[in-house]
Amino acid sequence: MKFISKFFWLFVGVLFIFSGLIKLNDPVGTAIKLEEYFEVFSTDIAPFFKSFEPYALFLSIFLSASEIVLGVALLVRYKLKVVLWLLLVMIVLFTFLTFYSAFYNKVTDCGCFGDAIVLTPWESFTKDIVLLVMIVVLLFTQRYLEPFMRPASGAIIIIITTALAVIVGWYAYEHLPYIDFRAYKVGNHIPTLMKSSAPLRYKYIMVKDGDEEEFEEYPMDTTYTFKEMVAVNPEDGPKITDFNVWNNEGDHTQEVLNGNKLLILVQSVAKADQQNIASINALVKAAEKAGITPLVVTSSSTQDFEVFRHEVNLAAPYYFGDGTVLKTIIRSNPGIVLLQDGTVKGKWHHNDTPELEEVQELLAPEE
Numbered sequence: 001m002k003f004i005s006k007f008f009w010l011f012v013g014v015l016f017i018f019s020g021l022i023k024l025n026d027p028v029g030t031a032i033k034l035e036e037y038f039e040v041f042s043t044d045i046a047p048f049f050k051s052f053e054p055y056a057l058f059l060s061i062f063l064s065a066s067e068i069v070l071g072v073a074l075l076v077r078y079k080l081k082v083v084l085w086l087l088l089v090m091i092v093l094f095t096f097l098t099f100y101s102a103f104y105n106k107v108t109d110c111g112c113f114g115d116a117i118v119l120t121p122w123e124s125f126t127k128d129i130v131l132l133v134m135i136v137v138l139l140f141t142q143r144y145l146e147p148f149m150r151p152a153s154g155a156i157i158i159i160i161t162t163a164l165a166v167i168v169g170w171y172a173y174e175h176l177p178y179i180d181f182r183a184y185k186v187g188n189h190i191p192t193l194m195k196s197s198a199p200l201r202y203k204y205i206m207v208k209d210g211d212e213e214e215f216e217e218y219p220m221d222t223t224y225t226f227k228e229m230v231a232v233n234p235e236d237g238p239k240i241t242d243f244n245v246w247n248n249e250g251d252h253t254q255e256v257l258n259g260n261k262l263l264i265l266v267q268s269v270a271k272a273d274q275q276n277i278a279s280i281n282a283l284v285k286a287a288e289k290a291g292i293t294p295l296v297v298t299s300s301s302t303q304d305f306e307v308f309r310h311e312v313n314l315a316a317p318y319y320f321g322d323g324t325v326l327k328t329i330i331r332s333n334p335g336i337v338l339l340q341d342g343t344v345k346g347k348w349h350h351n352d353t354p355e356l357e358e359v360q361e362l363l364a365p366e367e
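Straight run, no breaks: the sequence shown in the UniProt record's numbering ends on number 367.
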């Protein structure tokens with residue numbers, strides 16, 4: 001039992017630290033996931049969950065930092081009993097969220113490990129059940145985990161860990177994720193990712209006399225009732241399925257994916273940060289003179305965007321895109337994306353708006 005207890009101690013501690021770091025890498029993405037939960041719960045459980053949405057970013061950084069701090073506290077065995085009870089409360093909360101997602105098929109990706117490791121709802125629930133069992137076992141086997149450092153040393157480690165975790169999360173919010181795990185990361189060729197890497201294959205789930213059976217080809221036996229068609233190799237399907245740019249004149253997706261394009265993405269004018277608009281405007285004018293086509297893509301309505309662009313003097317043609325897609329492309333509002341024939345050459349938070357020289361260097365032919 002001593003060996004099992006120490007294995008669980010190490011596994012739980014490391015996994016909570018890893019999970020927290022992945023979330024702090026992209027606190028905006030974690031906040032978006034929390035907003036999804038609040039939206040679902042406000043409809044299905046109680047309207048007051050809607051009131052948590054304005055605090056999603058704070059909760060994102062707080063909960064992610066808490067995972068890291070509790071993981072470190074467990075590993076250094078600082079206030080072990082208190083830490084284990086806090087871990088138990090946290091994993092019970094996570095287990096409820098993942099079960100709700102899986103059973104009711106509401107939030108199809110819990111965001112447990114951000115975009116780095118995408119789990120299905122039932123996989124996430126299973127993972128949380130395993131952790132729940134491990135933490136309960138640790139609660140009953142604490143005697144095997146004796147402290148190995150003075151309380152004062154443990155307290156110092158926890159204080160430093162807390163400060164570093166908050167700083168790491170806030171910096172990622174003020175700039176961009178340290179590591180981009182999404183399909184629109186720098187270096188990716190969007191048109192290629194919009195195609196399947198191999199032909200998709202399907203299996204057919206059929207029902208007969210109350211029993212389900214699977215077929216690689218649709219059965220000719222009419223006594224079977226069709227239930228669903230499931231992709232056998234979904235990993236070979238397109239990684240990008242919803243990238244579209246349009247205006248009142250029609251679809252402009254292919255136009256955007258050709259040539260050198262400087263995209264200014266404004267997810268929503270109501271939430272757009274205007275503190276660096278002057279720098280963005282200067283970049284837009286300089287890029288246009290240098291032969292780089294600047295354009296704006298927004299998810300706001302024509303009326304709202306017209307008001308916004310006149311307020312901030314954003315002089316570039318604008319198009320429309322899906323709000324969720326724009327949030328996926330870049331965790332900044334507004335954000336800047338440089339494309340060269342559909343390849344992502346650069347991405348910048350509005351706080352890091354580049355000079356024209358930096359943009360041109362990224363477009364220069366490789367020697």
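From the three backbone atoms N, C-alpha and C, an ideal C-beta is built for every residue, glycine too.
As the structure is a prediction and not an experimental result, all values here were calculated from the model.
Distance CB(residue i)-CB(residue j) smaller than 8 Å
i           : j           : result
residue 369 : residue 206 : Beyond the ends of the chain as shown, which are 1 and 367, falls residue 369; an answer cannot be given.
residue 67  : residue 13  : no
residue 327 : residue 274 : no
residue 37  : residue 97  : yes
residue 132 : residue 92  : yes
residue 76  : residue 149 : yes
residue 276 : residue 313 : no
residue 74  : residue 87  : yes
residue 121 : residue 153 : no
residue 65  : residue 162 : yes
residue 428 : residue 331 : Outside the displayed range of the chain (1 to 367) lies residue 428, so it cannot be described from this structure.
residue 262 : residue 359 : yes
residue 322 : residue 244 : yes
Exposure label - residue i; buried when at least 16 CB within 10 Å
i           : result
residue 230 : exposed
residue 156 : exposed
residue 160 : exposed
residue 33  : buried
residue 192 : exposed
residue 310 : exposed
residue 439 : The structure shown has nothing for residue 439, since the chain only spans 1 to 367.
Whole-number beta carbon distance between residue j and residue i, since they are thought to touch under 8 Å
i           : j           : result
residue 128 : residue 103 : The pair is not a contact, with the Cβ atoms about 13 Å apart (cut-off 8 Å).
residue 284 : residue 315 : 7 Å
residue 166 : residue 345 : Between residue 345 and residue 166 the Cβ distance is about 32 Å, and since that is not below 8 Å, they are no contact.
residue 138 : residue 8   : 5 Å
residue 293 : residue 247 : Residue 293 to residue 247, Cβ: 15 Å. No contact.
residue 158 : residue 69  : 6 Å
residue 119 : residue 5   : That belief does not hold up - the Cβ atoms of residue 119 and residue 5 are roughly 27 Å apart, past 8 Å.
Reference residue i; option with closest CA among the options
i           : options            : result
residue 61  : 171, 134, 24       : 24
residue 199 : 281, 63, 237       : 237
residue 253 : 270, 297, 289, 278 : 297
residue 258 : 329, 342, 307      : 342
residue 351 : 162, 65, 335, 71   : 335
residue 169 : 22, 234, 325       : 22
residue 371 : 125, 181, 204, 361 : Any answer about residue 371 is impossible in this case: the structure gives the chain only from 1 up to 367.
residue 71  : 250, 10, 49, 43    : 10
Opposing strand residues paired with residue i [DSSP bridges]
i           : result
residue 205 : 214, 228
residue 320 : 246, 298
residue 349 : 335
residue 189 : 343
residue 293 : 261
residue 266 : 298
residue 251 : 246
residue 45  : DSSP lists no partner for residue 45.
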